[in-house]
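Report on the following structure.
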Amino acid sequence: MIIEVLKSKIHRVKVTQAELNYVGSITIDEDLIEAANIIPNEKVQIVNNNNGARFETYVIKGERGSGIVCLNGATARLAQVGDIVIIMSYASMEMEEARRYEPILIFPDTDNKLIR
Numbered sequence: 011m012i013i014e015v016l017k018s019k020i021h022r023v024k025v026t027q028a029e030l031n032y033v034g035s036i037t038i039d040e041d042l043i044e045a046a047n048i049i050p051n052e053k054v055q056i057v058n059n060n061n062g063a064r065f066e067t068y069v070i071k072g073e074r075g076s077g078i079v080c081l082n083g084a085t086a087r088l089a090q091v092g093d094i095v096i097i098m099s100y101a102s103m104e105m106e107e108a109r110r111y112e113p114i115l116i117f118p119d120t121d122n123k124l125i126r
């Protein structure tokens with residue numbers, strides 16, 4: 011049996027930009043997506059801690075070290091600059107593999123920088 015499990019999570023980052031007039035997606039600092047093992051164009055689920063919105067989109071690589079977390083296109087309506095969001099990706103795997111799998115959890119600081 012194949013099930014979907016949490017693969018990666020970037021926990022509590024601050025939205026730094028919202029660009030309504032854009033094709034769509036979320037732009038995330040390359041340091042964060044690399045640490046979380048998320049790749050450009052990967053589907054992610056986003057949870058807005060400020061308003062409870064939950065939505066899916068895909069990732070665009072942002073400038074490394076910039077701390078950028080920018081909601082693009084229609085998703086810009088679901089959060090405001092300064093809102094705190096959680097970004098999650100999932101993977102499909104066999105039940106036995108899923109039982110052993112440990113998701114990658116990233117806890118950036120208040121400036122969206124990796125804590126090392």
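For any residue, its number in this note's numbering is found by taking its place in the sequence shown, counting from 1, and adding 10. No residue lacks a Cβ here, since even glycine has one placed at the ideal position from N, Cα and C. From a predicted model like this one, the values you see are computed outputs, not experimental measurements.
Item, Value
"Collapsed DSSP secondary structure at GLU112 in the structure displayed", "coil"
"Whole-angstrom C-beta distance between ILE125 and ALA46, which should lie under 8 angstroms", "Not a contact, Cβ separation roughly 13 angstroms."
"Proximity winner among PRO50, LEU30, TYR32 and ASN31, relative to ILE38 (alpha-carbon distances)", "PRO50"
"Selected residue, minimal CA-CA separation from ALA86, among ILE20, ARG109 and ILE56", "ILE56"
"Buried or exposed (CB count within 10 angstroms, at least 16 for buried), VAL91", "exposed"
"Inter-residue Cα distance where the pair is GLN27 and CYS80", "4 angstroms"
"8 angstroms CB neighbourhood of MET11 in its chain, flanking five on each side removed", "GLU104 and MET105"
"Reference GLU112, options ARG22, LYS24, SER99 and ILE70, closest by Cα", "SER99"
"LEU88 (DSSP reduced to helix, strand or coil)", "helix"
"Close-in-space but distant-in-sequence residues of the same chain around GLY34 (CB under 6 angstroms, 5 per side omitted)", "ASN82 and GLY83"
"Pair within 9 angstroms by beta-carbon distance, VAL15 and VAL95", "no"
"Environment of LYS53 [buried if 16+ CB atoms lie within 10 Å]", "exposed"
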